[in-house]
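Heads up: the structure comes next, in structure tokens.
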Amino acid sequence: MVKKSVFQHAALRSNLVTQPQLDESLEILRAKESASVDVVISDDELAEHLVYSGIVSQYQAEQLKTGRTKFNLGPYIISDWVGQGGMGQVFKCVHEVLGRESAIKVLPLDKTTDYAISNFHREIKLQAKMDHPNLVRAFDAGKDGQVHFLVTEYVPGRDLRRLIR
1 MVKKSVFQHA ALRSNLVTQP QLDESLEILR AKESASVDVV ISDDELAEHL
51 VYSGIVSQYQ AEQLKTGRTK FNLGPYIISD WVGQGGMGQV FKCVHEVLGR
101 ESAIKVLPLD KTTDYAISNF HREIKLQAKM DHPNLVRAFD AGKDGQVHFL
151 VTEYVPGRDL RRLIR
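Quick note on numbering: the numbering used here labels position 2 of the sequence shown as 2, and the sequence is numbered without any gaps.
Structure follows, in structure tokens:
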């Protein structure tokens, strides 16, 4: 029996990939190569197949290759990196129950001083008060462990900073 790679272990621990999905993917890849069960399928091949099958996103696959296993903040599953702002990073996410695509702004752990947390919470409260068709709406905010986050509408496209350059 072939040992699981770091990527395979990470994929299973992340809960993005189930054991049956992993087994089926490996079976399909081995069948394509007419290979026996003992043939090792590379992590790159497996990741590409999982992305192609819609099981994980390209971003998630790249993160799994590094051994990362945490893709959720509360009920939100992070699916892609969107950008970086002055106070944190922004990711695309999906609510695990509602299936709604949103953006999630995360205050990085290395910026979690009392002052930064206070500013982040002030930003959250201000954004929650705003209601205008031309502004991104805040849906939710919270804390998962030590990670503070703000969930907003996801608006695809370029950010304002790039547009005005």
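Beta carbons are placed, not taken as given, at the ideal position from N, Cα and C, and that holds for glycine. As the structure is a prediction and not an experimental result, all values here were calculated from the model.
Is serine 34 helix, strand or coil by DSSP?
coil
Tell me the rounded alpha-carbon separation between phenylalanine 120 and leucine 135.
18 Å
Taking Cβ positions, are leucine 29 and glutamine 8 nearer each other than 8 Å?
no
Roughly how many angstroms lie between the CA atoms of valine 90 and histidine 49, to the nearest whole one?
26 Å
According to DSSP, is histidine 95 helix, strand or coil?
strand
Which residue comes first and which comes last in the beta strand (DSSP E) that contains glutamine 63?
Careful: glutamine 63 lies outside any beta strand (DSSP E), inside the alpha helix (DSSP H) at 58-65.
Hey, is the region 54-62 in contact with the region 73-84, meaning 3+ C-beta pairs nearer than 8 Å?
yes
Outcome for isoleucine 132 when other beta-carbon atoms lying within 10 angstroms are tallied against a minimum of 16
Position check: residue 132 holds histidine in this sequence, whereas isoleucine was assumed. Histidine 132 is exposed by the Cβ-count criterion.
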